[in-house]
Amino acid sequence: MDPERTPNGPSDGDRNFTGPTGAVARFGARLEAMSTPTTTAAAGAVDAVKVYGKGGTEVRALDGVTVSFERGKFTAIMGPSGSGKSTLMHCLAGLDRLTAGKVFIGDVDVSSLNDKHLTTLRRDQVGFVFQAFNLVPTLTALENITLPLSLGGRKPDQAWLDQVIDAVGLRPRLTHKPTELSGGQQQRVAVARALATRPQIIFADEPTGNLDSKSSAEVLSFMRHAVDAFGQTIVMVTHDPGAASYADRVVFLADGRVVDEMESPTADRILDHLKRLGG
Ligand SMILES: Nc1ncnc2c1ncn2[C@@H]1O[C@H](COP(=O)(O)OP(=O)(O)O)[C@@H](O)[C@H]1O
Ligand SMILES: [Mg+2]
150 MDPERTPNGP SDGDRNFTGP TGAVARFGAR LEAMSTPTTT AAAGAVDAVK
200 VYGKGGTEVR ALDGVTVSFE RGKFTAIMGP SGSGKSTLMH CLAGLDRLTA
250 GKVFIGDVDV SSLNDKHLTT LRRDQVGFVF QAFNLVPTLT ALENITLPLS
300 LGGRKPDQAW LDQVIDAVGL RPRLTHKPTE LSGGQQQRVA VARALATRPQ
350 IIFADEPTGN LDSKSSAEVL SFMRHAVDAF GQTIVMVTHD PGAASYADRV
400 VFLADGRVVD EMESPTADRI LDHLKRLGG
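Under the working numbering, think of the first position of the sequence shown as 150, with each following residue one higher.
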């Protein structure tokens with residue numbers, strides 16, 4: 150398969166957010182108003198609200214978030230602890246439901262799906278990378294990478310798998326169990342596993358949070374490569390300006406709202422920005 154191709158094919162974008170009526174059309178108009186090209190969004194949220202609890206203990210984790218993630222780009226999400234970063238990713242990925250508003254993966258309105266379709270969407274269209282690796286300890290690196298395919302009853306696209314395995318640089322370690330791998334190697338397996346199904350989008354929630362700087366660099370370089378060489382779309386939460394500088398764009402959250410964004414970030418510019426946001 151052509152490595153320059155986006156994970157879901159170049160024509161997919163043409164039908165994104167272009168439904169003639171209803172919420173999809175309104176979402177498209179809204180994104181146009183934000184001067185984001187509607188044809189390249191892999192996922193997005195419109196007026197997303199998430200409230201946890203009730204009455205006195207109510208927490209407004211998302212307070213009207215409108216954001217879109219361009220296809221084939223690497224976006225970092227930054228913001229103070231409790232600002233709603235994980236909640237936004239979970240709702241975008243269909244792991245949790247919004248209280249109000251809408252989320253989209255490609256041209257699919259995630260909020261409208263029943264549980265069965267949500268499960269299929271999560272399995273086939275979305276990849277996850279968590280801070281704690283979440284590999285299956287009894288399986289080898291290769292078995293972990295192909296697990297989403299086996300679970301979905303899908304035959305691996307061997308040419309694609311070979312590309313991912315070569316890019317992740319773990320071919321000599323494929324028969325090793327997770328405990329026989331370093332943290333950085335385990336997290337690279339987790340990213341390779343997320344890539345295996347060629348999802349529309351990969352969400353990574355603080356993927357380098359448990360790693361030393363050398364291992365972090367390995368994982369971040371691999372994610373950057375997946376975007377540049379495979380056209381993968383990645384959204385990553387991080388606290389680390391150095392990690393965020395691998396991204397094409399940074400979206401800043403505070404108190405459940407998007408408060409700013411930055412294109413072509415550098416670690417220094419992010420640090421300056423965080424100081425100013427912090428007042
Ligand atoms: N399952 C939950 N139940 C109740 N409150 C929650 C739950 N998950 C998150 N919250 C609250 O929502 C807010 C946003 O949390 P979160 O999205 O985890 O923030 P972040 O990832 O930016 O640290 C916080 O105040 C948090 O305590
Ligand atoms: Mg979080």
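Backbone N, C-alpha and C define an ideal beta-carbon position, used for all residues, glycine too.
These numbers were taken from a predicted model, which means no experiment stands behind them.
Near ligand 2: residue i beta-carbon under 7 angstroms from a heavy atom
i, result
"D354", "yes"
"K199", "no"
"V214", "no"
"V386", "yes"
Residue i burial status per 10 Å Cβ neighbour count (16 or more: buried)
i, result
"S232", "buried"
"A242", "buried"
"D354", "buried"
"M183", "In this predicted model, M183 has a pLDDT of only 44, less than 50, meaning its place in the structure is not dependable; the value taken from the coordinates is given anyway. M183 comes out exposed."
"V376", "buried"
"E412", "exposed"
"D417", "exposed"
"P321", "exposed"
"V407", "buried"
"Q307", "exposed"
"K234", "buried"
"V195", "buried"
"T170", "Unreliable placement is indicated for T170, whose pLDDT of 43 sits below 50; no coordinate value is reported for it."
"A281", "exposed"
"L344", "buried"
"V285", "exposed"
"A378", "exposed"
"L319", "buried"
"Y395", "buried"
"I367", "Inspection of the sequence shows that residue 367 is occupied by Glu rather than by Ile. It is buried - the Cβ of E367 has at least 16 other Cβ atoms within 10 Å."
"A192", "buried"
"G221", "buried"
"R246", "exposed"
"G301", "exposed"
Residues that DSSP places opposite residue i in a beta bridge
i, result
"A249", "V198"
"E355", "E355 is not bridged to any residue."
"T224", "V384, R398"
"D212", "V198"
"M411", "V399"
"G193", "S217, F253"
"I350", "V275"
"R418", "DSSP output for R418 lists no bridge partner at all."
"R406", "A403"
"D258", "F253"
beta-carbon residue i near ligand 1 non-hydrogen atom, thresh 7 angstroms
i, result
"T236", "yes"
"A316", "no"
"A403", "no"
"G202", "yes"
"S260", "no"
"G429", "The structure shown does not extend to residue 429, since the chain is modelled only from 150 to 428, so the question has no answer here."
"G228", "yes"
Residue i Cβ short of 7 angstroms to ligand 4 heavy atom set
i, result
"V208", "Judged by which ligands are present, ligand 4 is missing from the structure shown, whose ligands are ligand 1 and ligand 2."
Does the segment 328–336 come close enough to the segment 202–212 that 3 or more CB-CB pairs lie under 8 angstroms?
-> no
Contact between the segment 348–362 and the segment 377–387 (3+ Cβ pairs under 8 angstroms) | yes
List in chain order: all unbroken alpha helix (DSSP H) runs of 4+ residues lying wholly within the segment 263–318.
-> 264–274, 290–300, 307–317
Give a yes or no on contact between the segment 259–277 and the segment 219–231, applying the rule of three or more CB pairs nearer than 8 angstroms.
-> no
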